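In mature numbering (1 follows the signal peptide of the UniProt record, and there is no 0), the protein residues as written are -39 to -1, 1 to 639.
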C-alpha cells in the first residue's frame, strides 16, 4: 500500500473537499493494486523456483537480475505504471481517474506489510523466455551465476555447515597423524643409529652380503678355500721342482688347518686367524704369478674334487656300517639292568610264586595289550605311559612275552614296580610248546643250512663296502620269533576277541580305549596308513619283478604301520590269517619276495583286510627323521621311534628323547645301580 509522511501530506493535500476525497480513493485503490502486485510477485517467485528445479536457466538468470534490481531499489519502467482510482464528485456520483506513477510526489514509496519495518524487495513481472531456448545459453552463463542463500532451505544449510566442520576436523586429524608418523620414523632412525656397530670396518659391496671382518663366517670360508688352492699350487710347484714355494705352501696350509680346527663359525676362530689368512693370501698371490696356468690348475682342481667325492662316499659307508652296528649292540647300562633284576628274581625266590589275577587275563570285556620284547626298560616305558593316560587303569591288562634269557628280569621288574591298578602278565616264549618248526615257517627256515649261512656264518664278506650293504638285512632279530609272534595272536590268546598290539619303541600319550570301539567294517587289522604321494607304497617293500608279487598285488597300494594295531581276533580266525602268513613265508625262503622284517609279510597277509585309522593315533619316524612336525607329535596318541635312533641309545635324536625319558623311573634302585640316569 502507499504511505506518505506527515509533512508531505500536509503540503500536498488541496483545500477542496472533492479533490481530497479523490485523493483518498486513489490511495485506497493503489493499495489494492499493490496487494495484487505482491500476490503476483509471490506466485511468480514460486513459479521461478519451480522452473529452477526443472533446469530453466533463463528463469534462474532472470531471478538473479530481479534480485539485483530489488537490492538497488530500482525497477524497470516504474514511471509508466497506471494507477486507476475511483472517487465521488460533489454531486455524489462515482467517478474513475487514471494517474501515472511519475505524477505522484517523490515522497510516495512502496511498502510491503509482510516484512514489518524491513524493506521488501520488489519484483516485477519481466518478459519470460522459453526454457527450451534458454538452455542454449546455460553453458555460457553458469559460471557467472551467484547463489542466492535466501532461497536455500535452512535444513540443507545446516547440513552443509556440519559437513564443512567434519571436513575441517578430519583434515586436522590427518595432519596430526602425519606429524606423529614423522616423529616415529625419526625416533626409529635415531635408535638404529645408536645401535649401529661402527667399530667393524671392512669391505662392503652391494653385490655381496658378506664382508671381510674378524667376526664374519666369510673368514672361515676364505681360509678353507685358500687351503684348497694352496694344495693345487703346491702340486704344480712340486712338478716344476720349485721346492721353496712348495714347502711354503704346505707349511701355511698346515698352519691354516690348525687355526680352523673344529670351528664351524667365524667366531670360533682364533684372534690371529685373519692375519694367517692374509699371509696365505700373499703366498697364493706369489704362487699365481709364478705358476698360474689355466688348464693345469683346472686339471688339478678336477682331480682334487674327484678324490674328495671318493672320500665322502667312503665316509658314508663307514657311517652306515657304524650306525647299524650301534643299533645292534646293547649299551652297558642296559646290559647291567637285566642282570641285576635276574639275580634278585632268583635270590628272592619269585620263581616259585604263582601269578595272581588270572581271571582278568582271560576276560574279553577288558582292554588287552600285547607287547613282545626282550628290552626291560623299553617295555616299562610302554606300560607306564599307557597306564598314566588310562581313564580306568584297573580295566587294562598287559600281556608281555619275552625270551627265556630275559624272562626273570622282565618278571622281576613288574614285581618290584607294578603299574597302578593295572594287570601285567609276563610269559616266556619257550613255554608255547605248539610254536615249533613243524608249525612255524620261520623256525623251520632257521634250521635251513642256507639261512644259517646267510645270517650266522662267520666268514662273511670282509670288505666294509660289501658288508655294509647287507648288514641291515643280516640282522638276526628279523628272524626272531618275538618279532614274528604277532602273526600268532589268536593262538597265544584264544579267549580274547580284540587285542591292541604295541611295539616296545613307542610312547603312549593319550587314552587308547576308544580304539576298541572303532568299527573295522569286517577288517582284521586297524592301522594308520603311511603312504604319502609315492612314498611307503607296496613297491618299496616287495619285489614286483617276481610274478608271485606282481600278479597278486598292486605296487601303488598304500602301506601301513606296525607298532600300534588293533586286531579283531574273531575275524582273524574266520579268515585264517595265520595260514595266509605261513603260505607266503614259505614262498620267501630264498628271500626273493622281500628281504627283511615283519612289515612286508604283514602287508601281504593283511592285504585288503586293513582298516585305516586316523593319522593322529600313530605318528612314526622319531627314530630317523629329525624334521617331523612338532604339533603332530604332541597331538599324537602314540609316537613311534621306528628306525635306528632308539631313545635309549646314544644315537637318539635329542629333540625327541624327552618324550620318552619322562616315563623312565630314574629314581628306581635298579636304574641307579646300573648308572641309568638322565
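All C-beta atoms in this analysis are idealised placements derived from N, C-alpha and C, irrespective of residue type, glycine included.
Here the structure is a predicted model, which is why all the values come from computation and not from measurement.
Between residue 398 and residue 546, the C-beta gap is not smaller than 7 Å, which leaves the two residues out of contact. Following the DSSP letters along the chain, one finds residue 469 in no alpha helix (DSSP H) but inside the beta strand (DSSP E) bounded by residues 467 to 469. Between residue 328 and residue 357, the C-beta spacing is below 7 Å.
In the three-state DSSP reduction, residue 608 falls in the coil class, being neither helix nor strand. Within the DSSP secondary-structure output, residue 498 pairs in a beta bridge with 519.
Annotation: residue 583 to residue 523 spans about 14 Å, alpha carbon to alpha carbon. DSSP lists 357 as the bridge partner or partners of residue 328. Taking all protein chains shown into account, residue 116 has fewer than 16 neighbouring C-beta atoms within 10 Å of its C-beta and is therefore exposed. With a beta-carbon spacing of about 7 Å, residue 206 and residue 251 fall inside the 8 Å limit used to define contacts. Here DSSP, grouped into helix, strand and coil, assigns residue 558 to coil.
Per DSSP, the continuous beta strand (DSSP E) segment holding residue 487 begins and ends at 486 to 488.
Exclusion of the five residues before and after residue 292 leaves no residue of its chain whose Cβ lies closer than 6 Å to its Cβ. Counting only the Cα atoms, residue 458 lies some 12 Å from residue 322.
Per the C-alpha coordinates, the member of 499, 556 and 181 positioned closest to residue 232 is 181. Just measuring C-alpha positions, the residue of 236, 620, 187 and 254 sitting nearest residue 470 is 620. For residue 526, the enclosing beta strand (DSSP E) starts and ends at 525 to 529.
Non-local beta-carbon contacts of residue 261 in its own chain, meaning distances under 7 Å to residues more than five positions away in sequence, involve 193, 196 and 197 in chain order.
In this structure the stretch 363 to 372 lies against the stretch 297 to 305, because at least three pairs of beta carbons, one per stretch, are closer than 8 Å. For residue 459, the uninterrupted beta strand (DSSP E) segment begins and ends at 459 to 463.
Here residue 156 is exposed, its C-beta having fewer than 16 other C-beta atoms within 10 Å. Around the C-beta of residue 335, 16 or more other C-beta atoms lie within 10 Å, and the residue is accordingly described as buried. Between residue 145 and residue 130, the alpha-carbon positions lie close to 23 Å from each other.
According to the DSSP assignment, residue 573 belongs to the beta strand (DSSP E) that extends over 571 to 573. A Cβ-Cβ contact shorter than 7 Å links residue 351 with residue 472. Measuring C-alpha to C-alpha distances from residue 331 to each of 337, 314, 359 and 482 identifies 359 as the nearest.
For the pair residue 599 and residue 467, the CB atoms are nearer than the 7 Å cut-off. Secondary structure of residue 474 (DSSP, three-state): helix. Residue 153 and residue 587 have their C-alpha atoms roughly 38 Å apart.
Within the same chain, and ignoring the five residues on either side of residue 364 in sequence, the residues whose Cβ sits closer than 7 Å to its Cβ are 335, 390 and 443.
By the Cβ-count criterion, residue 188 is buried, with 16 or more other Cβ atoms from all chains shown falling within 10 Å of its own Cβ. Beta-bridge partners assigned by DSSP to residue 387: 361.
Listed as beta-bridge partners of residue 541 by DSSP are no residues whatsoever. A distance of 7 Å or more separates the beta carbons of residue 510 and residue 570. Selection 563, 596, 214 and 324 evaluated against residue 456 yields 324 as nearest (Cα-Cα). The beta carbon of residue 344 sits closer than 6 Å to the beta carbons of 359 and 380 from its chain, once the five residues preceding and following it are set aside; these are given in chain order. DSSP lists 469 and 579 as the bridge partner or partners of residue 599.
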